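>
There are 2 protein chains.
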Amino acid sequence: MSSRRHDHSDSESRRERKERTRHALLSSTLRLLSKHSFESISLREVTRESGITPTAFYRHFDGMEDLGLALVDEAFGTLHDMVRTARSDTSTYDDVIRRSVQIVVAHVREHRDHMRFIARERYGGIRRLRRAIRMELELFANELAVDVSRFPELARWTRADRQMFADLLVETVVSAVGRLTEARREEESEIARRIEKQLRLVVIGVPAWRSRPEESISGISGDSVSTEGRGIESPAK
Amino acid sequence: MSSRRHDHSDSESRRERKERTRHALLSSTLRLLSKHSFESISLREVTRESGITPTAFYRHFDGMEDLGLALVDEAFGTLHDMVRTARSDTSTYDDVIRRSVQIVVAHVREHRDHMRFIARERYGGIRRLRRAIRMELELFANELAVDVSRFPELARWTRADRQMFADLLVETVVSAVGRLTEARREEESEIARRIEKQLRLVVIGVPAWRSRPEESISGISGDSVSTEGRGIESPAK
DNA sequence: TATCTCAGTGCACACGCGTCAACTGCAGAA
DNA sequence: TTCTGCAGTTGACGCGTGTGCACTGAGATA
């Protein structure tokens, strides 16, 4: 793990040192992000926090936007690991939802800064960052949409409906993650409880789902049957 | 609409002129917000865009944060009007969801900048702004939670469960609003269609809902019954 | 009419910013 | 052992920033 080529290695190789500085830049930025939006963080602030001079920054990144994209990679890297774990665990628990929520909460605890970065900059001021984050989240939703086909109920759905279902789940979780990253420790379990309920409510609607004709959104079509008698009742009066 | 006190009013009163400048500051900021996060917009930029000198800014606001809070008021002002309209319309349509989505889409079209401001700065870098926006959204959710008690099914729920239900609806809509504000006109109807489906899926789960004991989140409790046989089936194998 | 109020101006200040060109010193290749 | 590549430094640049102070001029008041 330490010898490069033959040996004599004493402290650190050149590559290692560079990697260490790069990492310092990333994690300094992450730290600053707990108080400020990415766009309002300056290159100089980051280097100051990392203990290097401003100009040395360019040995690692083209500019702040480039660093931001690297941050997206990093954050989603650990996230993917998490999801892989969650998925393999899944089969051993019959309450998929509860277990998943626990895993998410644990992940937020361990990677709070990464998760905050994702939850925030998804709506942030820098286009390319927003796009990159959204794309990754869409990717998750797509995988999930395929994944849930394992359930017979959902296998009967159209692909589009499964997509919309997965999208709802992902969006709900990401919103909750956003709150979690700002919550104090003792608020976490309350948020966790609520998101678990919300997911459960969504899932519970699955067997009753019946897709509708697609073209009737514009409001011109006459079809206006409410929830088709399977859903909620009409107001008391 | 024009005479102040007796008459002679020619062009504009002092108050009117001041109000006009104030509004210019707000709407300039709103315009700048389409490309940048609030925190990264400078006071000078705003005044430049409004056609006044930087120092005149302070005749209207203490600083940018103060202006931001005024923007929250403004944005939620029009939003409240919208919701009031939506609520009164409700009784005449039996598809509440479809109608509500239409109203939201229309509102986003007409107040795109306000809605983008809300959707973005809800996760933005300035604490007080985030807090103010969240508080207003919570208020909406609370009202909605009370409102849905009109439906017999939901009247039987616990208050906490209605709250979590309203919260899910609000969160889902706000997320969609965030996407809508960035969508091109021809993408709008697709987003609208999806959010309508998502709301419908959530609502369709309502009759099947049964609340659970609250204390079992920590994962120690032995209760691990999945969806109580009412929800989704187990994986195929 | 004369006087007061106050939204907006002009100028100046100290400071933080991103980036440039020239450099230093050391790890690794020859 | 010498040479080279490159992470990091130094110092300077022109520019944008928030804010303080003294001001102006027109609308409101008396």
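The listed protein sequences correspond, in order, to chains Z and Y. In this text, residue positions in the first sequence follow the working numbering: the first is 1, and each later residue adds one. In this text, residue positions in the second sequence follow the working numbering: the first is 238, and each later residue adds one. Just so you know, even glycine gets a beta-carbon here, dropped at the ideal spot from N, CA and C. Keep in mind the model is a prediction, meaning the values are calculated, not measured.
What are the residues in the region 351–380 of chain Y lying within 7 Å of chain Z by C-beta distance?
Listed by position along the chain: Ala356, Arg357, Tyr360, Gly361 and Gly362.
> Would you call the region 398–411 of chain Y and the region 177–191 of chain Z in contact, with 3 or more CB pairs under 8 Å?
With the cut-off at 8 Å, the region 398–411 of chain Y and the region 177–191 of chain Z do not touch.
> Would isoleucine 340 of chain Y pass as an interface residue toward chain Z - the criterion being a Cβ-Cβ separation below 8 Å?
Chain Z contact via Cβ: absent.
> Could you give the distance in angstroms between the alpha-carbon of leucine 306 of chain Y and the alpha-carbon of serine 265 of chain Y?
Between leucine 306 of chain Y and serine 265 of chain Y, the C-alpha separation is close to 15 Å.
> Count the other C-beta atoms from every protein chain shown that fall within 10 angstroms of the C-beta of glutamate 215 of chain Z, then say buried if there are 16 or more, exposed otherwise.
Model confidence at glutamate 215 of chain Z stands at a pLDDT of 48, short of 50, so the residue's coordinates are unreliable and nothing is read from them.
> Report the residue from Z:Gly63, Z:Arg31 and Z:Gly51 whose alpha carbon sits nearest the alpha carbon of leucine 43 of chain Z.
When only C-alpha atoms are compared, the closest one is Z:Gly63.
> May I ask you to report which of helix, strand or coil DSSP gives histidine 36 of chain Z?
Histidine 36 of chain Z falls in the coil class under three-state DSSP.
> Touch check for the region 22–41 of chain Z and the region 118–134 of chain Z: three-plus C-beta pairs under 8 Å?
With a cut-off of 8 Å, the region 118–134 of chain Z and the region 22–41 of chain Z count as touching, because enough Cβ pairs lie within range.
> Buried or exposed, going by whether 16 or more other CB atoms sit within 10 Å of the CB of alanine 392 of chain Y?
By the neighbour-count rule (16 or more Cβ atoms within 10 Å), alanine 392 of chain Y is not buried but exposed.
> Using a Cβ cut-off of 8 Å, which residues of the region 405–417 of chain Y contact any Cβ in chain Z, in chain order?
Hits within the stretch, in order: Leu405, Glu408, Thr409, Ser412 and Gly415.
> My guess is that isoleucine 97 of chain Z and leucine 168 of chain Z are in contact by the Cβ rule of under 8 Å, so how many angstroms apart are they, rounded?
13 Å between Cβ atoms; not a contact.
> Out of Z:Leu67, Z:Asp95 and Z:Ile103, which one is the CA nearest neighbour of methionine 82 of chain Z?
The shortest C-alpha separation from methionine 82 of chain Z is found at Z:Ile103.
> The alpha helix (DSSP H) spanning alanine 293 of chain Y covers which residue range?
No alpha helix (DSSP H) contains alanine 293 of chain Y, which DSSP labels as neither H nor E.
> Could you tell me the boundaries of the alpha helix (DSSP H) in which glutamate 427 of chain Y lies?
Taken as a continuous stretch (DSSP letters only), the alpha helix (DSSP H) holding glutamate 427 of chain Y covers 422–441.
> Are the CB atoms of valine 407 of chain Y and leucine 366 of chain Y nearer to each other than 8 Å?
Cβ distance not < 8 Å, so valine 407 of chain Y and leucine 366 of chain Y don't count as in contact.
> Counting only beta-carbon atoms, is glutamate 276 of chain Y nearer than 8 Å to chain Z?
Chain Z contact via Cβ: present.
> Less than 8 Å between the C-beta atoms of threonine 315 of chain Y and alanine 356 of chain Y, yes or no?
It is not a contact, given that the beta carbons lie outside the stated cut-off.
> For histidine 344 of chain Y, name the three-state secondary structure that DSSP assigns.
It is helical.
> What whole-angstrom Cβ distance do glutamate 186 of chain Z and valine 101 of chain Z have, given they're in contact under 8 Å?
Not a contact, Cβ separation roughly 17 Å.
> Would you mind stating whether leucine 71 of chain Z and leucine 26 of chain Z have Cβ atoms separated by less than 8 Å?
Cβ distance < 8 Å, so leucine 71 of chain Z and leucine 26 of chain Z count as in contact.
> Taking the alpha carbon of serine 34 of chain Z as the point to measure from, which residue in Z:Glu143, Z:Phe117, Z:Thr172 and Z:Gly205 has its own alpha carbon closest?
Of Z:Glu143, Z:Phe117, Z:Thr172 and Z:Gly205, the residue nearest in Cα terms is Z:Phe117.
> Just to confirm the assignment, what range does the alpha helix (DSSP H) spanning arginine 396 of chain Y have?
Residues 396–417.
> How many Å lie between histidine 114 of chain Z and threonine 47 of chain Z at the Cα?
Cα to Cα, histidine 114 of chain Z sits roughly 19 Å from threonine 47 of chain Z.
> Could you tell me whether the Cβ of phenylalanine 402 of chain Y comes closer than 8 Å to any Cβ of chain Z?
So yes, phenylalanine 402 of chain Y belongs to the interface.
> Would you please verify whether the beta carbon of tryptophan 209 of chain Z is less than 8 Å from any beta carbon of chain Y?
Taking Cβ atoms only, chain Y reaches closer than 8 Å to tryptophan 209 of chain Z, which makes this a yes.
> Which chain Z residues are close to histidine 297 of chain Y, counting only those with a beta carbon under 8 Å from its beta carbon?
Within 8 Å Cβ-Cβ: nothing; histidine 297 of chain Y doesn't reach chain Z, min ~22 Å.
> Is valine 146 of chain Z buried or exposed, if buried means 16 or more other CB atoms sit within 10 Å of its CB?
Classification for valine 146 of chain Z: exposed.
> How many angstroms separate the CA atom of serine 149 of chain Z from the CA atom of glutamate 380 of chain Y?
Rounded to the nearest angstrom, the two C-alpha atoms are 37 Å apart.
> Between which two residues does the alpha helix (DSSP H) harbouring proline 152 of chain Z extend?
Note, proline 152 of chain Z: alpha helix (DSSP H), 152–155.
> Hey, how far is the Cα of aspartate 66 of chain Z from the Cα of methionine 135 of chain Z?
The alpha-carbon atoms of aspartate 66 of chain Z and methionine 135 of chain Z are separated by roughly 17 Å.
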